[in-house]
Amino acid sequence: MAILVHVGALVVLLSIVASMLIQIYRVLGGWVPNIRSIAAIEAMDDGVARAAEMGGKVNFTTGSSSIYGKGSMGVFAGIAIMRYIAEECAKYNVPLIHTFGQAEVISISEQVLKSAGESAGRPEWFQEDYV
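Heads up: the sequence shown begins at 5 in the numbering used here, then just goes up one per residue.
Have a look at this one:
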């Protein structure tokens, strides 16, 4: 019985390796995979552009969770998305207001907003009242 388990695992391994080799040869032959755009990312860009046109502000929240609790992964994912939106806001010189539920997010969000402004070429964009 144990030999069948090992044979099954070997078959699965060989099929995965074969499919990987087929894809590698397809890419080396000039095939380009079709990657579709994500509508939510395009909507974020449109929202920042709309705020720039109307002279408004962008409000971003990472939620009410703590960075030490069960929702910490959501907060860190929100901060990563905030970095992208902050760079777009800095390009268009649009204020980004970050609201959050726990005080320990303040120092992280300040650093993220400062570095996003610097990477967009506008280090003067960040203001303390954005957080």
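C-beta atoms are modelled at their ideal positions from N, C-alpha and C, and glycine is treated no differently.
What three-state label does DSSP hand residue i in the structure shown?
{"i": "I83", "result": "helix"}
{"i": "V9", "result": "helix"}
{"i": "I101", "result": "strand"}
{"i": "V135", "result": "coil"}
{"i": "V109", "result": "helix"}
For residue i, which residues in the same chain have their Cβ closer than 6 Å to its Cβ, ignoring the five residues on either side in sequence?
{"i": "E108", "result": "I71"}
{"i": "G121", "result": "A94, P127, W129 and F130"}
Please return the same chain residues whose Cβ sits closer than 8 Å to the Cβ of residue i, not counting the five positions on each side in sequence.
{"i": "K61", "result": "A55, V98, P99, L100 and I101"}
Mind checking residue i: buried by the 16 CB within 10 Å criterion, or exposed?
{"i": "T103", "result": "exposed"}
{"i": "S69", "result": "buried"}
{"i": "V15", "result": "exposed"}
{"i": "G12", "result": "exposed"}
To the nearest angstrom, report how far apart residue i and residue j are at their CA atoms.
{"i": "I42", "j": "S111", "result": "30 Å"}
{"i": "G78", "j": "N38", "result": "29 Å"}
{"i": "R87", "j": "V116", "result": "6 Å"}
{"i": "G73", "j": "T65", "result": "17 Å"}
{"i": "W35", "j": "L25", "result": "14 Å"}
So residue i and residue j are supposed to be a Cβ contact under 8 Å. How far apart are they, rounded?
{"i": "I83", "j": "S119", "result": "About 11 Å separates the two Cβ atoms, so there is no contact after all."}
{"i": "S123", "j": "E91", "result": "6 Å"}
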